[in-house]
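In what follows, a single structure is set out as structure tokens and then discussed.
Protein chains: 2
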Amino acid sequence: MKEFELIKYLTNENSQNCDLLRMGIGDDCAVIKNKVDDWLVTTDALFEGVHFDLSYTPFYLLGRKSLSVNLSDIAAMGGEPLFYTIALGIPNGVNPENLKKMYDGMNDVASLYNVAMIGGDTCNSQSGLALSITLIGKVPAKKAILRKGALSGDAIYITGTAGEAALGFNCFQKKRTGSDVERFLKRFNDPEPRIKAGKWLMSQNIVTSMIDISDGLSQDLSHIAEDSKVGFKIYADNLPLSQNFCSVARELDIDPLKLVLTGGEDYELLFTVRKNDADRFEALFKKNKDDIGCLITKIGEITSDKDERLIVDKKGNLITFDKTGFEHNI
Amino acid sequence: MKEFELIKYLTNENSQNCDLLRMGIGDDCAVIKNKVDDWLVTTDALFEGVHFDLSYTPFYLLGRKSLSVNLSDIAAMGGEPLFYTIALGIPNGVNPENLKKMYDGMNDVASLYNVAMIGGDTCNSQSGLALSITLIGKVPAKKAILRKGALSGDAIYITGTAGEAALGFNCFQKKRTGSDVERFLKRFNDPEPRIKAGKWLMSQNIVTSMIDISDGLSQDLSHIAEDSKVGFKIYADNLPLSQNFCSVARELDIDPLKLVLTGGEDYELLFTVRKNDADRFEALFKKNKDDIGCLITKIGEITSDKDERLIVDKKGNLITFDKTGFEHNI
């Protein structure tokens, strides 16, 4: 399926009404100009057998996740979520009790973030369960943080940790259970959108670009790099990964570094800050840590060469990626 | 599938943020309060094998229809469409050329109504093609026309004609072709959203309730009646139906009146006007007919008994509906 070609095609073909848009297709949300606050709009679909497997993900958590992944797109612009609609395709034979559990999950997340369901469409689907959610949020006018603002020299940060959702997915696939992997299973099945962190980052007027990590750290950083026409260097030794994470990954025969850099569905925020602002930013973060509710770690820097995508170790040695994992080129 | 139970469930369970809403779930669009213009939001999904059959509906027309049916919901509030997002599930084996045709159809309708695509999600679907569109529009603050404003004595009007899309669907099913049924096939495959008429009706400050006819005239009028806590009487002899419509319907062994009253997917507007305003309204309509672009016909009146759902002929005799069609009870 030539998905990206298609998206490019429709992006190019359809560009009316652009005077009302700050940002159309091509970022985490579209940004619509308004009087006081701009509006943010994002749509994400989840199809059974493609995005989820009901043998891993119970209905209640599917409901939570379907809303959380959309909330994450609002977080990635520094916005506040307000409303959502849901289109639902229901295959024959689904137990209505399970659908109620799914709505309970959605409703619980909606309550937590004060988002209201304002409409939707429910119909029969000839195959699997299909959910499509459109979320509308707001952000103070002109303050949405886009992907395209990164400049050479900017420090690169992430919230929380990366790779854990992908490790959780691997645990499900390989039927690895136990208390030491519960955290990873939860990261995959019940991601936490970084709404608080996103709003705080927006309010500091210090972040130059932002995206949420849904495709994997290195790919999402590449999106920032492409849109900002810059390159990047990641400090592998700075990446936040726990001893437990590394040992479970190795036990499952996965390179932990590869998982951190390429694992999808983390729904953490990846963002950049001007080099000269970095110390001030880190001091501000320390002061507000409890309110923000997650770690923030500097993991690299933006470089001027737009084709540069580097990963280096402590000594500055390049790490390259091959099919079996990442290797230090010493 | 207990669709309506589910919708009721989720409607009741989720009602945060209501101070920002003029209208939540339960009308053609949700209405969000804003400074100058209110925002309208609607979501409609189309699933292959449920809402469309690619042997009747070519990809280009499917693209047009998928956007038009959403535009119709904006028209039914008197609004102006602005933006849309699309979530698309694509099964394996679809020819990319066909998907381009579908986007061409969508883009052509989008251009016609000056609506911009601002985002979406494209992914693989395990079975049929699935499209879900969310459309955002605007309407001057507090001017959205809801379903719930009809009062006893109001005159009931429809734009254009009803039943023709359903007749077209029957022609497709029974492989009835020919120049005399082309109009009906087109009504089914390429409905025209009544954006112009809806905006004009809103601007006259004269319409008390409105809905678009997607479920069939009598069912959609029942939605107005339920929400307004009133009854209705339809004048069967006033219903606009052509001689050609009647003869094709009879040829296919379908009662024409049944088709007009129960056939779905007309996407015409059904609305009410205060009895005392009806003459003034009809004079205004005559003067602006060319701008509005469709017929408007008085087809009945709102009554005070909320359980009343009457269909009467010219002489006031009741017409009742049974499994084989409508019958005059003389």
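Protein chains in written order, with my numbering: chain A, -5 to 324; chain B, -5 to 324. Backbone N, C-alpha and C fix where the C-beta goes; we use that ideal spot for every residue, glycine too.
Name the chain A residues whose beta carbon is nearer than 7 Å to that of G83(B)? As a working mapping, residue 83(B) is identified with position 89 in the second sequence. Residues of chain A passing the Cβ test: A39, F41, A124.
Would you mind sorting P330(A) into buried or exposed? The rule is 16 or more other CB atoms within 10 Å of its CB. Any answer about residue 330(A) is impossible in this case: the structure gives chain A only from -5 up to 324.
Assess, as a yes-or-no matter, whether the segment 123 to 135 of chain B is touched by the segment 61 to 74 of chain B under the definition of 3 or more beta carbon pairs within less than 8 Å. Result yes; three or more Cβ-Cβ pairs closer than 8 Å.
Say whether chain A places a C-beta atom closer than 8 Å to the C-beta of Q120(B). Residue mapping note: residue 120(B) aligns to position 126 of the second sequence, counting from 1. By this cut-off, Q120(B) is an interface position.
Backbone CA spacing between E42(A) and L82(A) [nearest angstrom]: On the first sequence, position 48 is the one that residue 42(A) refers to. On the first sequence, position 88 is the one that residue 82(A) refers to. Near 12 Å, if we compare the C-alpha coordinates of L82(A) and E42(A).
So what's D13(B) in DSSP terms, helix, strand or just coil? Numbered from its first residue, the second sequence carries residue 13(B) at position 19. Note: D13(B) maps to helix in three-state DSSP.
Can you list, in chain order, the residues of its chain whose CB lies under 7 Å from that of I293(A), leaving out five sequence neighbours each side? Here residue 293(A) is taken as the residue at index 299 of the first sequence, counted from 1. The beta carbon of I293(A) lies closer than 7 Å to those of I150, Y151, I152, I228, Y229, N232, L233 in the same chain, with the five residues before and after it left out.
State the start and end residues of the unbroken beta strand (DSSP E) segment that holds P90(A). One-based indexing of the first sequence puts residue 90(A) at position 96. Per DSSP, P90(A) belongs to no beta strand (DSSP E); it is in the alpha helix (DSSP H), 90 to 107.
Specify the secondary structure class of K280(A) as computed by DSSP and reduced to three states. Locating residue 280(A) in the first sequence gives position 286, where the first residue counts as 1. The answer is helix: DSSP assigns K280(A) an H, G or I state.
Starting from P134(B), trace the alpha helix (DSSP H) both ways and give me its first and last residue. Here residue 134(B) refers to the residue found at position 140 when the second sequence is read from its first residue. In the DSSP annotation of this structure, P134(B) is not part of any alpha helix (DSSP H); the continuous beta strand (DSSP E) holding it starts and ends at 124 to 134.
Which residue marks the beginning of the beta strand (DSSP E) containing R170(A), and which one marks its end? For the purposes of this step, residue 170(A) is taken as residue 176 along the first sequence, with counting starting at 1. Note, R170(A): premise wrong, no beta strand (DSSP E); not H, not E.
Provide the residue span of the beta strand (DSSP E) that contains P75(B), from first to last. As a working mapping, residue 75(B) is identified with position 81 in the second sequence. Counting along the chain, the beta strand (DSSP E) containing P75(B) begins and ends at 74 to 85.
Any contact of the segment 137 to 150 of chain A with the segment 37 to 55 of chain A, i.e. 3+ C-beta pairs under 8 Å? no
G143(B) and S203(B) look like a contact to me (Cβ under 8 Å); what is the Cβ gap, rounded to whole Å? By one-based count along the second sequence, residue 143(B) stands at place 149. By one-based count along the second sequence, residue 203(B) stands at place 209. That belief holds up - the Cβ atoms of G143(B) and S203(B) are roughly 4 Å apart, short of 8 Å.
Drop a sphere of 10 angstroms on the beta-carbon of S241(A), count the other beta-carbons inside from all chains shown, and report buried for 16 or more, exposed for fewer. As a first step, residue 241(A) is located in the first sequence; it is residue number 247 there, counting from the start. The residue is exposed, with fewer than 16 neighbouring Cβ atoms inside 10 Å.
Return yes when at least one heavy atom of the ligand NAP lies under 7 Å from the C-beta of I296(A), else no. With respect to the ligand NAP, the structure offers nothing, as it holds no ligand at all.
Considering just the uninterrupted stretch of the alpha helix (DSSP H) at E176(A), what are its terminal residues? Counting from 1 along the first sequence, the entry for residue 176(A) is found at position 182. Note, E176(A): alpha helix (DSSP H), 176 to 183.
Is it buried or exposed, A124(A), if we count other Cβ atoms within 10 angstroms and call 16 or more buried? Working through the first sequence from its first residue, we reach residue 124(A) at position 130. With 16 or more Cβ atoms within 10 Å of its Cβ, A124(A) is classed as buried.
Provide the residue span of the beta strand (DSSP E) that contains V35(B), from first to last. Stepping through the second sequence from its first residue, residue 35(B) is reached at position 41. V35(B) -> beta strand (DSSP E) spans 31 to 41.
Residues near K95(B) in its chain [Cβ-Cβ closer than 8 Å; skip 5 each side]: For the purposes of this step, residue 95(B) is identified with residue 101 of the second sequence, where counting begins at 1. Cβ within range, chain order: P52, F53, Y54, G57.
Assuming L235(A) and G157(A) make a contact with CB atoms under 8 Å, what is their CB distance in whole Å? The sequence position of residue 235(A) within the first sequence is 241, counting from 1. The sequence position of residue 157(A) within the first sequence is 163, counting from 1. Contact holds; Cβ gap of about 7 Å.
How should K168(A) be labelled, buried or exposed, when 16 other C-beta atoms within 10 angstroms of its C-beta is the threshold for buried? By 1-based counting over the first sequence, the position of residue 168(A) is 174. Exposed, since its Cβ has fewer than 16 Cβ neighbours within 10 Å.
Rounded to whole angstroms, how far is the Cβ of D115(A) from the Cβ of D115(B), which I believe are closer than 8 Å? Counting from 1 along the first sequence, the entry for residue 115(A) is found at position 121. Counting from 1 along the second sequence, the entry for residue 115(B) is found at position 121. In fact, because the Cβ distance is near 16 Å, the residues do not count as touching under 8 Å.
Can you tell which of K283(B), D247(B), A110(B), L195(B) has the C-alpha that lies nearest to the C-alpha of I139(B)? Counting from one through the second sequence, the residue named residue 139(B) turns up at place 145. The candidate whose alpha carbon is nearest that of I139(B) is L195(B).
Given a cut-off of 8 Å on the beta-carbon distance, is the pair L289(A) and D214(A) in contact? By 1-based counting over the first sequence, the position of residue 289(A) is 295. By 1-based counting over the first sequence, the position of residue 214(A) is 220. Not a contact, by the Cβ cut-off of 8 Å.
Need the endpoints of the beta strand (DSSP E) that Y261(B) sits in, please. Here the question's residue 261(B) lines up with position 267 in the second sequence. From DSSP, Y261(B) is part of no beta strand (DSSP E); its letter is neither H nor E.
Going along the chain, which unbroken runs of the beta strand (DSSP E) with 3 or more residues stay wholly within the segment 205 to 265 of chain A? 225 to 229
Any Cβ of chain B within less than 8 Å of the Cβ of S131(A)? Locating residue 131(A) in the first sequence gives position 137, where the first residue counts as 1. First, the amino acid is wrong: residue 131(A) is Gly here, not Ser. No, its Cβ sits nowhere closer than 8 Å to a Cβ of chain B.
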